[in-house]
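Trainee: Residue numbers (my numbering): 219 to 422.
Mind having a look at this structure? Questions to follow.
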Amino acid sequence: GTCHSLRQGNTKNVLLACPMNMYPHGRSGRTVQEIWEDFSMSFTPAVREVVEFAKHIPGFRDLSQHDQVTLLKAGTFEVLMVRFASLFNVKDQTVMFLSRTTYSLQELGAMGMGDLLNAMFDFSEKLNSLALTEEELGLFTAVVLVSADRSGMENSASVEQLQETLLRALRALVLKNRPSETSRFTKLLLKLPDLRTLNNMHSE
Numbered sequence: 219g220t221c222h223s224l225r226q227g228n229t230k231n232v233l234l235a236c237p238m239n240m241y242p243h244g245r246s247g248r249t250v251q252e253i254w255e256d257f258s259m260s261f262t263p264a265v266r267e268v269v270e271f272a273k274h275i276p277g278f279r280d281l282s283q284h285d286q287v288t289l290l291k292a293g294t295f296e297v298l299m300v301r302f303a304s305l306f307n308v309k310d311q312t313v314m315f316l317s318r319t320t321y322s323l324q325e326l327g328a329m330g331m332g333d334l335l336n337a338m339f340d341f342s343e344k345l346n347s348l349a350l351t352e353e354e355l356g357l358f359t360a361v362v363l364v365s366a367d368r369s370g371m372e373n374s375a376s377v378e379q380l381q382e383t384l385l386r387a388l389r390a391l392v393l394k395n396r397p398s399e400t401s402r403f404t405k406l407l408l409k410l411p412d413l414r415t416l417n418n419m420h421s422e
């Protein structure tokens, strides 16, 4: 269950490979308490991966320390959601963790995460249908993290500037890859409020 940061080609594209929620021991008759403990243990390395990813976003480290921390605190769940969307199998209603164990929506729902999980499946289906390349996914993830409207920003203007730069790069990349699909970039941007909703559900 270790995490790998696979840098392919250049350091901008950091692939995150970590189990998303908890190590899947549900079938071994563990108590919900034990599963939740596993959850927090496996979440920590995943969060570290997000910090590593952020460091490789050009311009991120030029932001104030305060704003870097604020963005990471606010956006980590959303980043993980984007990175792990491919682990959700919407057709079979299962989630596969990187230990290669597959869990059904029902099993995880029994832990009282039903509504959030349904919303996560829904989001994953929409995002996966856009068939993003690894490069597009990397840039989109950066856009998700560098969000100027998070509360508690010290210098939102500089965050906004960086976000604009990343958005322009993402738009150019998406158009270059699929010139005929002009609505693809817009569809991608519409995932941002969806992520915000998921984040709010998660923090409740």
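Virtual Cβ for every residue (Gly too), placed ideally from N, Cα, C.
Rank Gly327, Leu345, Leu393 and Arg402 by C-alpha distance to the C-alpha of Thr312 and give the top, closest one.
Mentor: Of Gly327, Leu345, Leu393 and Arg402, the residue nearest in Cα terms is Gly327.
Trainee: DSSP has Asn307 in a bridge; who is on the other side?
Mentor: BP columns for Asn307 point to Thr312.
Trainee: Just to confirm the assignment, what range does the alpha helix (DSSP H) spanning Ser342 have?
Mentor: Counting along the chain, the alpha helix (DSSP H) containing Ser342 begins and ends at Gly332 to Ser347.
Trainee: Helix, strand or coil: how does DSSP classify Thr404 here?
Mentor: Looking at Thr404 - three-state DSSP - the assignment turns out to be helix.
Trainee: Check whether the Cβ atoms of Val377 and Leu281 lie closer than 8 Å to each other.
Mentor: Yes, they are a contact pair.
Trainee: Just checking, does the stretch 296 to 305 make contact with the stretch 374 to 388 on the three C-beta pairs under 8 Å criterion?
Mentor: Too few Cβ pairs lie closer than 8 Å, so no.
Trainee: Between which residues of its own chain and Ala292 is the CB-CB distance below 6 Å, once the five residues before and five after are set aside?
Mentor: The answer, listed in chain order, is Arg368.
Trainee: Expressed to the nearest angstrom, what Euclidean distance is found between the alpha-carbon atoms of Glu343 and Leu305?
Mentor: The alpha-carbon atoms of Glu343 and Leu305 are separated by roughly 11 Å.
Trainee: Given Asn346, which residues of its chain have a CB within under 7 Å of its CB, disregarding the five upstream and five downstream residues?
Mentor: Closer than 7 Å at the Cβ level, and outside the excluded window around Asn346, lie Ala303 and Ser304.
Trainee: Between the stretch 328 to 340 and the stretch 396 to 408, do three or more beta carbon pairs fall short of 8 Å?
Mentor: No, because fewer than three Cβ pairs between the stretch 328 to 340 and the stretch 396 to 408 fall closer than 8 Å, the two stretches do not touch.
Trainee: Rounding to the nearest angstrom, what Cα-Cα distance links Phe358 and Pro263 in this structure?
Mentor: Roughly 21 Å separates the two Cα atoms.
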